[in-house]
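Have a look at the structure below before the remarks.
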Amino acid sequence: MGLASIITVCIIGLVLKDVIALPCLSVESKTKFQATRKALANLQTSIESRIANLQNDIKNKIKKLDDDMGSLVSDFETTLQADWRTFSKIDDAAENKWLFNNRTKKDDYWMGLTDLKEGEFRWSYDQTKASFKTWYSGYGSKGTSYNCGLMYGNTYAWLDYPCERKFLYVTEVSKMKTLASNKNENNVFEISYLLA
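Positions -21 to -1, 1 to 175 (mature numbering (1 follows the signal peptide of the UniProt record, and there is no 0)) are the ones given, in order, by the sequence shown.
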């Protein structure tokens, strides 16, 4: 190989190197690309921060709701006990019908029925399992977020419903704390209902 061939190969190599080594972006495009990449990184950081803040807000609101519900239930139960009342316990169809017909408002009413153990409805009055139940079609097994018994305003039937909803309630005077003046002629305590 002669000197001319070597010079030709060197020139071709230099030309190819320059052609192969050309940048794919112009300086202006590269600057815009880097600015876009930085803006995307900032946006990702901002979104992650916002998500973290929302998660904390939700956790705090859930805790506050839990605290509020706990004190609401506690205050409500304390008020009932101070007034010698408890949530109602409905033992049979006749009692259920009587309560339905004697409501002060034609509305839905909470009763003392809950299934904190899913599917096992018990009366808060004495923790006995409910033997009488009259569920509205499709209710009585609505799942873990439907844990409180509600007397449906349009029928004698009951609904299992989310406990945090606000409705009127049915209470009864405790049999143990009923005043002697409430005894009937057979010397038996009567149960007085309060439809609040």
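Each residue gets a CB set at the ideal place from its N, CA and C atoms; glycine is no exception. Here the structure is a predicted model, which is why all the values come from computation and not from measurement.
Buried versus exposed call for residue i [16 or more other C-beta atoms within 10 Å across all chains shown]
i, result
"W77", "exposed"
"L129", "buried"
"T93", "buried"
"L33", "exposed"
"F79", "buried"
"K68", "buried"
"F66", "buried"
Among the options, the one whose alpha carbon lies nearest that of residue i
i, options, result
"D139", "G91, Q106 and N75", "G91"
"E151", "T15, D70 and Y115", "D70"
"K84", "Y148, P141 and R29", "Y148"
"G117", "F79, W137 and A109", "W137"
"R82", "T107, A18, N133 and K9", "N133"
"G98", "Y115, D87, S120 and Q106", "S120"
"D87", "R144, N21 and R101", "R144"
"E74", "I37, Q106 and T113", "T113"
"K95", "E7, K9, F111 and P141", "Looking at the sequence provided, one finds Leu at residue 95 rather than Lys. When each option's Cα is compared against that of L95, the closest is P141."
"N126", "W102, F111 and N21", "W102"
"S110", "Q23, A72 and N21", "A72"
Length of the line joining the Cα atoms of residue i and residue j
i, j, result
"W104", "W89", "A small correction: the amino acid at residue 104 is Tyr; Trp does not occupy that position in the sequence shown. The alpha-carbon atoms of Y104 and W89 are separated by roughly 13 Å."
"K162", "N35", "Note that K162 scores a pLDDT of 43, beneath 50, so its modelled location is shaky and nothing firm can be said."
"S124", "A14", "49 Å"
"A18", "S25", "10 Å"
"R16", "A31", "23 Å"
"S5", "F12", "10 Å"
"N39", "R29", "15 Å"
"F100", "K108", "6 Å"
"F146", "I37", "25 Å"
"N21", "Y115", "54 Å"
"Q106", "Y131", "22 Å"
"G122", "Q23", "38 Å"
"E27", "T10", "26 Å"
Residues bridged to residue i (per DSSP)
i, result
"W114", "W137"
"T93", "R101 and C127"
"K108", "R101"
"F66", "T150"
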